[in-house]
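Using our numbering, the first residue of the sequence shown is number 7, and each one after it goes up by one. A short worksheet on the structure shown next.
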Amino acid sequence: MLLYSTNKKSPEISFEKAIFQGLPTDNGLYMPKTIPRVSDNFFTKLPKLHLNEIAFEISKILIGDDIPEQILKNLVEDAINFPAPVIQIDENVFVEELFHGPSLAFKDFGARFMSRIMGYFLKKNNDFVHILVATSGDTGGAVAMGFYKVPNTKVSILYPSGKVSELQEKQLTTLGENIDAYEVKGTFDDCQSLVKKAFLDSELANRLHLTSANSINIARLIPQTFYYFNAYAELKKQQVNIPIVFSVPSGNFGNLTAGLIAKRMGLPIHDFIAATNINDVIPRFLQTGIFEPRPSQKTISNAMDVGNPSNFARINELYESSVEKLRKDMKGYSFDDISTQNAIIEAMNKGYLMCPHTAVGYLGLKTYKNQINSNIAGVILATAHPAKFINELPPSVAEKILIPPSLDKLKEKPKNAIQIEPNYEIFKETLLSKN
Numbered sequence: 007m008l009l010y011s012t013n014k015k016s017p018e019i020s021f022e023k024a025i026f027q028g029l030p031t032d033n034g035l036y037m038p039k040t041i042p043r044v045s046d047n048f049f050t051k052l053p054k055l056h057l058n059e060i061a062f063e064i065s066k067i068l069i070g071d072d073i074p075e076q077i078l079k080n081l082v083e084d085a086i087n088f089p090a091p092v093i094q095i096d097e098n099v100f101v102e103e104l105f106h107g108p109s110l111a112f113k114d115f116g117a118r119f120m121s122r123i124m125g126y127f128l129k130k131n132n133d134f135v136h137i138l139v140a141t142s143g144d145t146g147g148a149v150a151m152g153f154y155k156v157p158n159t160k161v162s163i164l165y166p167s168g169k170v171s172e173l174q175e176k177q178l179t180t181l182g183e184n185i186d187a188y189e190v191k192g193t194f195d196d197c198q199s200l201v202k203k204a205f206l207d208s209e210l211a212n213r214l215h216l217t218s219a220n221s222i223n224i225a226r227l228i229p230q231t232f233y234y235f236n237a238y239a240e241l242k243k244q245q246v247n248i249p250i251v252f253s254v255p256s257g258n259f260g261n262l263t264a265g266l267i268a269k270r271m272g273l274p275i276h277d278f279i280a281a282t283n284i285n286d287v288i289p290r291f292l293q294t295g296i297f298e299p300r301p302s303q304k305t306i307s308n309a310m311d312v313g314n315p316s317n318f319a320r321i322n323e324l325y326e327s328s329v330e331k332l333r334k335d336m337k338g339y340s341f342d343d344i345s346t347q348n349a350i351i352e353a354m355n356k357g358y359l360m361c362p363h364t365a366v367g368y369l370g371l372k373t374y375k376n377q378i379n380s381n382i383a384g385v386i387l388a389t390a391h392p393a394k395f396i397n398e399l400p401p402s403v404a405e406k407i408l409i410p411p412s413l414d415k416l417k418e419k420p421k422n423a424i425q426i427e428p429n430y431e432i433f434k435e436t437l438l439s440k441n
């Protein structure tokens, strides 16, 4: 598997080198040189496969012979050891629950897969890596749990102070061992900026062997394609034979980019819905053709509070910088907190409890069906367990949520975080002194 930079000023490199380098030296993002299409025979057998079997087949197609087949199969089975059920909540409206992993968020797919793949290469080469990651909420917990006590790894997680939920914060500040948490007095965009500057700082990157676990790392995108194929398989099992549309709650747009890659691989997805909160840079781009990043604004769907989505570079690359081509495959809608809370109540009245992020996806699908096409099967990606955002839910909904034991026990654990200003030189000095 060869990869190139979206800025096209860095040399092509192997999959192994790309996952450890994280970010190209020209500040682009790595993309596969070729996106292989799956065979017609694969789609014939797809409805008969379990999720981890689908995961193995897709990763084998994408990664090729970079990892021996049996080893890759074992790594995938270890990483994707939880289900992603597809549940019907209304006529031709489905939810694919991606929160049944250890951190109760969809990021477990990427973090667990990535940690196993990195662990394999590190052991093979007797090497060490320091993972540096910014989080707007769920990535931090998933990366912390995915890499917790993984040999030859150190993890530093940056998160915006006061802008993640209490339980999200506990997931990434209570583990200790090889996990450090940095509480940044700023926004997610500030955290992401610090991480990007660190990767472009050759002195720091070389001294600490830095790499990323954000969706800027290609190893995060590969496993996020798995559940698009899984949802398609589940709908075919249920004899759904109308066009399939995915509504994707979106912040940094790694999740949706993975769906676009799945479509390039041949998965027959009719349309994508980019559903955002008031941080609506991509929906505005789809309307105006102008990409205008701006400071993020705080919402109850905090993991999507992103004002400069990194994966726009990949989306732009896939569609040859043509907004007209992108509009054929993607529609964008944004929603405020009041609309989101009303959607949560509406879904509860239909018998389904969802988190604020999933509710944004629900609203996106509802808008699409009203404005574009009602004769479709819509799949909403349910990105997190609602218990992680219980303080953001309407009281009538919150009282119905059962807190999973794995979250409940976190409440009593002491928070351990390093507080820093969003200043790169201060961050660099702190990081070096700690390591």
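Glycine is no exception: its CB is placed at the ideal position from the N, C-alpha and C atoms.
*If you draw a straight line from the alpha carbon of F235 to that of L369, how long is it in whole angstroms?*
Approximately 23 angstroms between the Cα atoms of the pair.
*For the beta strand (DSSP E) containing Q94, list its first residue and its last residue.*
V92 to D96 is the span of the beta strand (DSSP E), which, as asked, contains Q94.
*Are the beta-carbon atoms belonging to E405 and I306 less than 7 angstroms from one another?*
No; because the gap between Cβ atoms is not below 7 angstroms, this pair is not in contact.
_Where the alpha helix (DSSP H) through D186 begins and ends_ = Segment I185 to V190 is the beta strand (DSSP E) holding D186; no alpha helix (DSSP H) there.
_Exposed unless 16 or more other CB atoms sit within 10 angstroms - verdict on D277_ = Counting Cβ neighbours within 10 Å, D277 comes out buried, since at least 16 surround it.
*asked:* Please state whether the Cβ-Cβ distance between L173 and A187 is less than 7 angstroms.
replied: In this structure, A187 does not lie closer than 7 angstroms to L173 by Cβ.
*asked:* Using the Cβ count rule (16 or more neighbours within 10 Å means buried), how would you classify S438?
replied: It is Leu, not Ser, that sits at residue 438 in the sequence shown. Classification of L438: exposed, given that the 10 Å Cβ count is below 16.
*Determine the DSSP secondary structure at G70, reduced to helix, strand or coil.*
Three-state result, G70: helix.
*Can you tell me where the alpha helix (DSSP H) with I426 in it begins and where it stops?*
Where I426 is concerned, there is no enclosing alpha helix (DSSP H), although the beta strand (DSSP E) it sits in stretches over I424 to I426.
*How about S340 and T282: do their beta carbons lie closer than 7 angstroms?*
Yes, Cβ-Cβ distance for S340 and T282 is below 7 angstroms.
_Own chain residues within Cβ distance below 7 angstroms of E18, not counting five before or after_ = Answer for E18: L8, L9, Y10 and K39, listed in chain order.
*asked:* Checking the sheet assignment: what are the DSSP bridge partners for L138?
replied: Looking at the DSSP output, L138 shares a beta bridge with S162 and S218.
*asked:* Using 8 angstroms for Cβ pairs, my map puts Q230 next to S316. What's the rounded Cβ distance?
replied: Actually they are not in contact, since the Cβ atoms of Q230 and S316 sit about 14 angstroms apart, beyond 8 angstroms.
*State yes or no: is the C-beta of T389 within less than 7 angstroms of the C-beta of A365?*
Taking 7 angstroms as the Cβ cut-off, T389 and A365 do not qualify as a contacting pair.
_By alpha-carbon positions, which one of K394, N422, I64 and Q425 ends up nearest to V170?_
For V170, the nearest C-alpha among the options comes from K394.
*Helix, strand or coil at P411 [DSSP, three-state]*: In the displayed model, P411 falls within a helix according to three-state DSSP.
_Rounding to the nearest angstrom, what Cα-Cα distance links E75 and K66 in this structure?_
The straight-line gap from Cα to Cα measures roughly 7 angstroms.
*So which of E63, F21, L416 and S412 has the shortest CA-CA distance to A268?*
Taking only the C-alpha atoms, the option nearest A268 is E63.
*Of the listed residues F26, T263 and L138, nearest to Y233 (C-alpha basis)*: Of the listed residues, the one whose Cα sits closest to Y233 is T263.
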